[in-house]
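One structure is given below, encoded as structure tokens.
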Amino acid sequence: LGYARTSTPEIARRAGLSRGAQLHHFPTKTELVTSAVERLFERRRQEFLHAFADRPEGSDASAAAIDILWSMVSGPTFDVWLELAVAARTDAELRRPVADLTERLVDIVEETFRGLFPRPAGPNPFYEVAPRFAFALLDGLALERIHARDPNAHEAVLQALKGLARLVMPGLDGTMSR
382 LGYARTSTPE IARRAGLSRG AQLHHFPTKT ELVTSAVERL FERRRQEFLH
432 AFADRPEGSD ASAAAIDILW SMVSGPTFDV WLELAVAART DAELRRPVAD
482 LTERLVDIVE ETFRGLFPRP AGPNPFYEVA PRFAFALLDG LALERIHARD
532 PNAHEAVLQA LKGLARLVMP GLDGTMSR
């Protein structure tokens, strides 16, 4: 339905809850929607970790991470996030909760990245910005995919991102411990 057309009575109806039960747990549409999106983010994080752990032995870790992230960012989860982010631009009630949710998402992404890819021994400024850089690029590709004429236009950019990761973060080629 999109954020603007979503209503809490419709959500309660689809969830099979009474309106009172829904209001008890989530008094406002903003609380309900941002809580649902936060739960979705955590579920997607767990899915990512499982997929990453199940990658083939000896595979390129950074390339696998990029492929898994793209599969997640290029689907309906991104559409939900995009809808919420755009709605927050003009909805004063939604703006602060979405900003807080965004901050928590960034923290989760950075924590996950640092857990999977240990800090390099020497100085590497790219390491500090790698999660945000990758997500900014993937978000842009996911947004572009909505209107792209060529459904595979993103492939060359993803290959470039993988090449960049190998170039600026040596040692993340799958030789790290699982």
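Quick note on the numbering used here: the sequence shown kicks off at 382 and runs consecutively. Cβ atoms here follow ideal geometry from the backbone N, Cα and C, with glycine treated the same way. Being a predicted model, the structure only gives us computed values, none of them experimental.
Backbone secondary structure at residue i - three-state DSSP
i	result
residue 422	helix
residue 514	helix
residue 508	helix
residue 437	coil
residue 382	coil
residue 547	helix
Test item: CB-CB of residue i and residue j under 9 Å
i	j	result
residue 463	residue 523	yes
residue 475	residue 387	no
residue 549	residue 507	yes
residue 511	residue 546	yes
residue 519	residue 454	yes
Proximal residues to residue i (C-beta, below 6 Å), its chain only, five neighbours per side dropped
i	result
residue 555	Residue confidence for residue 555 is low, a pLDDT of 42 falling below 50, so the modelled location carries little weight; the figure read from the coordinates is stated next. For residue 555, where only same-chain residues beyond five positions count, the Cβ hits under 6 Å are 439, 440, 441, 442.
residue 559	Low per-residue confidence applies at residue 559: pLDDT is 38, beneath 50, and the placement is therefore not dependable, though the value from the model is reported in the following sentence. Nothing meets the Cβ criterion.
residue 478	411, 415
The ligand SAH heavy atom lying under 8 Å from the CB of residue i
i	result
residue 485	Here there are no bound small molecules, and the ligand SAH is not part of this structure.
First and last residue of the uninterrupted alpha helix (DSSP H) at residue i
i	result
residue 481	473–497
residue 448	442–454
residue 392	389–396
Sequence-distant residues of its chain with Cβ nearer than 8 Å to residue i (five each side left out)
i	result
residue 456	none
Own chain partners of residue i with C-beta closer than 7 Å, once the 5 adjacent residues on each side are dropped
i	result
residue 482	415, 418, 419
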